[in-house]
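Asks: Per full-length UniProt numbering, the very first residue in the sequence shown carries number 1; after that it's consecutive.
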Amino acid sequence: MSAETPPFIVVEHGSRRIAIPRNEDYNETVEFMRRSFWQLEMIPPNCIVLTTMVPESNLGPFEVGWEVWRGAMPYITILKIDVVASMPTTDSRQSVLGCTDHTPIRLDPLPRPELMEIVAPHKAQHESIHVSDIQPRTSMTGINTLPFFAAEYNGRRVGIRRSADYDETIKSVRDAFPALAEISKSRISLAQVFVELGEGAVEVNRELWKDVLPLVKTMQVVVTNANVPVKPLVAPFKRRKTQDVDTVPEMSDLRITAPDTKSDMPKPRKISRIVSESSRARENEAE
Numbered sequence: 001m002s003a004e005t006p007p008f009i010v011v012e013h014g015s016r017r018i019a020i021p022r023n024e025d026y027n028e029t030v031e032f033m034r035r036s037f038w039q040l041e042m043i044p045p046n047c048i049v050l051t052t053m054v055p056e057s058n059l060g061p062f063e064v065g066w067e068v069w070r071g072a073m074p075y076i077t078i079l080k081i082d083v084v085a086s087m088p089t090t091d092s093r094q095s096v097l098g099c100t101d102h103t104p105i106r107l108d109p110l111p112r113p114e115l116m117e118i119v120a121p122h123k124a125q126h127e128s129i130h131v132s133d134i135q136p137r138t139s140m141t142g143i144n145t146l147p148f149f150a151a152e153y154n155g156r157r158v159g160i161r162r163s164a165d166y167d168e169t170i171k172s173v174r175d176a177f178p179a180l181a182e183i184s185k186s187r188i189s190l191a192q193v194f195v196e197l198g199e200g201a202v203e204v205n206r207e208l209w210k211d212v213l214p215l216v217k218t219m220q221v222v223v224t225n226a227n228v229p230v231k232p233l234v235a236p237f238k239r240r241k242t243q244d245v246d247t248v249p250e251m252s253d254l255r256i257t258a259p260d261t262k263s264d265m266p267k268p269r270k271i272s273r274i275v276s277e278s279s280r281a282r283e284n285e286a287e
């Protein structure tokens, strides 16, 4: 951890702001938040959504899940807690108690922590401590070194772990957005706006993914209308079974004709045998 990175993260929920220890374990961090805010004690972990913003990356506010937490944690200074009706997940490490349907959240900009009021959760009296010297981490070599990027779909912006594996990235996107769970992978693609190429978003396919990955910041999830066409299969040959005996299917259009023996077959010729008198005599003696 860099010397410029504070050893804690400021968490906001309602009107309270609490400093919690900086922990690489996502589940432990969520549990600490639930213990710190009494309003969250009865809320299942999978109904808690964490939103953050890294000002140096120009990504805007985005949701941080367990998959991207370890890579994003060193850059996070402030987290905002939102409670949703449900957050379906394929990860077995998260609870699935309660929650029935998903309610989209509003991604409001987070304030910069030039002057933060930090409330220590372990203090019985919630003693307030004013800190004015703590600044967010700014010594970054560039946004291309961030281990994550933001993906947008249906009004939500979620942090996705940066991976050179295109299929793994698409899987992470499907896991992040429950609405994509039933969508075929072949119908999902990612697009980004490149200033040099104009205002329209450009879709990035599998062949170019590794080359474009260092330039990725915020990508839009695109769902096409049709799956990739599949080559039709030839119908298999079926035998019809009649009275426990396999028979060849009827072929009404097939005609089998025999050649005309009178015209096509050659006529036999009468062959005369010529023998000498001595040969004929020997044949008579043999008889």
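Virtual Cβ for every residue (Gly too), placed ideally from N, Cα, C.
From the DSSP output, in three-state form, read off I9 for me.
Replies: strand
Asks: Compute the beta-carbon to beta-carbon distance between V173 and A191, rounded to the nearest angstrom, for a pair I have assumed lies under 8 Å.
Replies: Actually they do not touch by this definition, with Cβ atoms about 12 Å apart.
Asks: Ordered along the chain, which non-local residues of its own chain (more than five positions away) have a Cβ less than 7 Å from that of R282?
Replies: none
Asks: Helix, strand or coil for P74? Go by DSSP, reduced to three states.
Replies: In the three-state scheme derived from DSSP, where H, G and I count as helix and E and B as strand, P74 is classed as helix.
Asks: Looking at C-alpha atoms only, which residue of F177, L213, N58, R22 is the closest neighbour of V222?
Replies: Looking only at F177, L213, N58, R22, the smallest Cα-Cα distance to V222 is reached by F177.
Asks: Relative to the C-alpha of E12, which candidate in A164, T5, V49 has its C-alpha closest?
Replies: Looking at the Cα atoms, V49 is the closest of the given residues.
Asks: Kindly indicate which three-state DSSP category M33 falls into: helix, strand or coil?
Replies: helix
Asks: Decide if M73 is buried, meaning its Cβ has at least 16 other Cβ atoms within 10 Å, or exposed.
Replies: buried
Asks: Report the option in G60, G200, P21 whose CA atom is closest to the CA atom of K217.
Replies: G60
Asks: Measuring straight from C-alpha to C-alpha, what distance separates W38 and V68?
Replies: 26 Å
Asks: Kindly indicate which three-state DSSP category A179 falls into: helix, strand or coil?
Replies: helix
Asks: Would you say P147 and R156 are within 8 Å of each other, going by their C-beta atoms?
Replies: no
Asks: Have a look at the DSSP bridge pairing and note the partners of K80.
Replies: In the DSSP assignment, K80 forms a beta bridge with E12, T51.
Asks: With distance defined between alpha-carbon atoms, name the residue in I78, R70, L40, N27 nearest to T52.
Replies: I78
Asks: Among residues of its own chain, excluding the 5 on either side of A201, which ones have a beta-carbon nearer than 7 Å to its beta-carbon?
Replies: A191, Q192, V193, Q220
Asks: Can you tell which of K210, I183, I81, E182 has its C-alpha closest to the C-alpha of M33?
Replies: I81
Asks: How close, in whole Å, do the beta carbons of S184 and E203 come, if the pair is a contact with beta carbons under 8 Å?
Replies: Not really, about 16 Å apart at Cβ, beyond 8 Å.
Asks: Starting from V195, follow the beta strand (DSSP E) in both directions and report where the run begins and ends.
Replies: No beta strand (DSSP E) contains V195, which DSSP labels as neither H nor E.
Asks: What is the rounded straight-line gap between the Cα of E182 and the Cα of K171?
Replies: Cα to Cα, the separation comes out at about 12 Å.
Asks: According to DSSP, simplified to helix, strand and coil, what is E24?
Replies: coil
Asks: From E28 to E41, what does the alpha carbon distance come to, in whole angstroms?
Replies: 14 Å
Asks: With 16 as the cutoff for other CB atoms within 10 Å, does V195 come out buried or exposed?
Replies: exposed
Asks: In or out: N284 buried (at least 16 other Cβ within 10 Å) or exposed?
Replies: exposed
Asks: Any idea if N46 is buried or exposed, counting beta-carbon neighbours within 10 angstroms, 16 or more meaning buried?
Replies: Label assigned to N46: buried.
Asks: Within its chain, find whatever has a CB closer than 6 Å to the CB of V64; leave out the 5 residues flanking it on each side and keep chain order.
Replies: L50, T52, A72, G159
Asks: With 16 other CB atoms within 10 Å as the buried threshold, where does S36 fall?
Replies: buried
Asks: My assumption, with CB atoms under 8 Å, is that V10 sits in contact with R17. Please give the rounded CB distance.
Replies: 6 Å
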